[in-house]
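There are 2 protein chains.
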Amino acid sequence: MNETKGKNELLPGTLEMLILKTLSIQPMHGYGIAQHIRTISRSVLTVEEGSLYPALQRMLVKGWVSAEWKVSANNRRARFYTLTPAGRKQLGVEESRFSQVFGAIMRVMKTT
Amino acid sequence: MNETKGKNELLPGTLEMLILKTLSIQPMHGYGIAQHIRTISRSVLTVEEGSLYPALQRMLVKGWVSAEWKVSANNRRARFYTLTPAGRKQLGVEESRFSQVFGAIMRVMKTT
DNA sequence: CGCCTTTGCATAGACCATCTATATAAACTG
DNA sequence: CAGTTTATATAGATGGTCTATGCAAAGGCG
Chain U
36 MNETKGKNEL LPGTLEMLIL KTLSIQPMHG YGIAQHIRTI SRSVLTVEEG
86 SLYPALQRML VKGWVSAEWK VSANNRRARF YTLTPAGRKQ LGVEESRFSQ
136 VFGAIMRVMK TT
Chain H
36 MNETKGKNEL LPGTLEMLIL KTLSIQPMHG YGIAQHIRTI SRSVLTVEEG
86 SLYPALQRML VKGWVSAEWK VSANNRRARF YTLTPAGRKQ LGVEESRFSQ
136 VFGAIMRVMK TT
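Those protein sequences? They're chains U and H, same order as listed. Sequential numbering of the first sequence, starting at 36, is according to our numbering. Sequential numbering of the second sequence, starting at 36, is according to our numbering.
Printed below as a string of structure tokens:
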């Protein structure tokens with residue numbers, strides 16, 4: 036039945052936080068965001084396009100990022116995303132939320 | 036009703052791991068599992084019935100737990116779940132998977 | 001006694017984030 | 001010129017979690 040595969044490598048719910056964090060370093064286009072997360076996580080986390088672009092759209096609508104068409108380092112047209120002040124605030128919210136939930140999970144996992 | 040109630044308190048994908056861990060302490064019925072997780076996590080994690088029972092059914096089918104009807108400490112009929120050897124093995128798999136993914140997330144979140 | 005709360009199991013249906021698959025296109029590569 | 005890489009985007013499937021609901025029995029209380 037279910038053999039291997041690592042679908043859902045990403046803990047659902049953390050994608051937007053990872054994107055926000057990535058953009059807090061510098062503005063970046065979607066493809067670059069995916070590469071950055073994959074590289075830094077040593078390929079443990081892979082952001083699929085079908086997850087990435089819808090997430091960026093949601094975040095645009097919510098005002099956490101702004102977007103601008105430019106030319107990439109490889110001379111291709113690309114949409115660069117920049118963290119807004121609201122996005123930076125949201126990053127803080129998600130970071131503290133994540134550590135709270137993670138702490139709770141660890142308490143359960145450490146009980147004997 | 037529930038105003039500030041955050042949905043998705045639980046990181047999706049961790050529920051089965053938390054159940055396996057709880058049952059590794061001792062056999063327990065569903066209601067008790069939910070209470071245990073809620074108590075230990077200091078109410079950060081709330082396992083809803085609509086999540087719990089389907090999860091237990093899946094785990095039964097996969098052979099990670101076995102079930103037996105008994106009488107609870109409160110003198111009510113209750114279905115007690117016991118971790119099987121396969122379930123114990125699965126707990127190890129999910130623990131290492133979780134720490135791997137968590138480590139990857141932390142690497143992304145710690146980059147400057 | 002009648003009522004309410006707690007305990008306890010279970011399912012149906014909604015929701016929604018993520019994945020798979022596909023389409024498009026320009027630039028570089030051999 | 002064919003193939004790979006870069007880059008964006010959408011449609012549709014998947015699946016786990018949540019909301020809502022139903023049932024039922026035990027125990028406490030006035």
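Think of the CB as a built atom: it goes at the ideal place given N, C-alpha and C, for glycine as much as any other residue.
In terms of alpha-carbon separation, which member of the options lies closest to residue i?
| i | options | result |
| --- | --- | --- |
| H/T147 | U/V82, U/N109, U/I60 and U/G65 | U/I60 |
| H/G67 | H/L95, H/L46, H/S134 and H/V106 | H/V106 |
| U/Y88 | U/R111, U/I75, U/H71 and U/E51 | U/E51 |
| H/H10 | H/L46, H/P47, H/R77 and H/L118 | One cannot answer for residue 10 of chain H here, as it falls past the ends of chain H, which runs 36 to 147. |
| U/F133 | H/L53, H/V79 and H/G98 | H/V79 |
| U/R112 | U/A121, U/P120 and U/A102 | U/A102 |
| U/V96 | U/G122, U/Q135 and U/N109 | U/G122 |
| U/P47 | U/T81, U/V143 and U/K124 | U/T81 |
| U/G98 | U/A108, U/P120 and U/P62 | U/P120 |
| U/A90 | U/L53, U/H71, U/N109 and U/K124 | U/L53 |
| H/T74 | H/K145, H/Q135 and H/T57 | H/T57 |
| U/L126 | U/V100, U/I72, U/Q70 and U/S86 | U/V100 |
| U/V136 | H/N109, H/I72 and H/L55 | H/I72 |
| U/I140 | H/E129, H/N109 and H/Y116 | H/E129 |
| H/Y116 | H/S86, H/K124, H/G138 and H/P62 | H/P62 |
| U/S86 | U/T49, U/N109, U/M144 and U/G138 | U/T49 |
For residue i, which beta-bridge partners are listed by DSSP?
| i | result |
| --- | --- |
| U/Y116 | U/M63 and U/A102 |
Determine the chain H residues that contact residue i at a beta-carbon separation under 8 Å, and present them in chain order.
| i | result |
| --- | --- |
| U/R142 | I75, S76 and R77 |
Note down, in chain order, every chain U residue with its Cβ under 8 Å from the Cβ of residue i.
| i | result |
| --- | --- |
| H/Q135 | V79 |
With residue i and residue j assumed to form a contact (beta carbons below 8 Å), what rounded beta-carbon distance in angstroms separates them?
| i | j | result |
| --- | --- | --- |
| U/R93 | U/W104 | 19 Å between Cβ atoms; not a contact. |
| U/S131 | H/R142 | About 19 Å; that fails the 8 Å criterion. |
Taking residue i as the query, report the chain H residues whose CB atoms sit under 9 Å from its CB, ordered along the chain.
| i | result |
| --- | --- |
| U/T146 | K56, T57, I60, H71 and I75 |
| U/A108 | Ordered by position in chain H, no residue passes the 9 Å Cβ test against U/A108, which lies about 19 Å from the chain. |
At 7 Å on the CB atoms, spell out the chain U contacts of residue i, in chain order.
| i | result |
| --- | --- |
| H/A102 | Simply none; closest approach about 20 Å. |
- prompt: Which of the residues in the region 40-66 of chain H, read from start to end, lie with their CB under 9 Å from any CB of chain U?
  reply: G41, N43, E44, L45, L46, P47, G48, T49, M52, L53, K56, T57 and I60
task: Taking a Cβ distance cut-off of 8 Å, strictly less, list which residues of the region 84-95 of chain U are near chain H, in chain order.
output: none
task: Scan the region 112-126 of chain H for residues whose Cβ lies nearer than 9 Å to a Cβ of chain U and list them as they occur along the chain.
output: none
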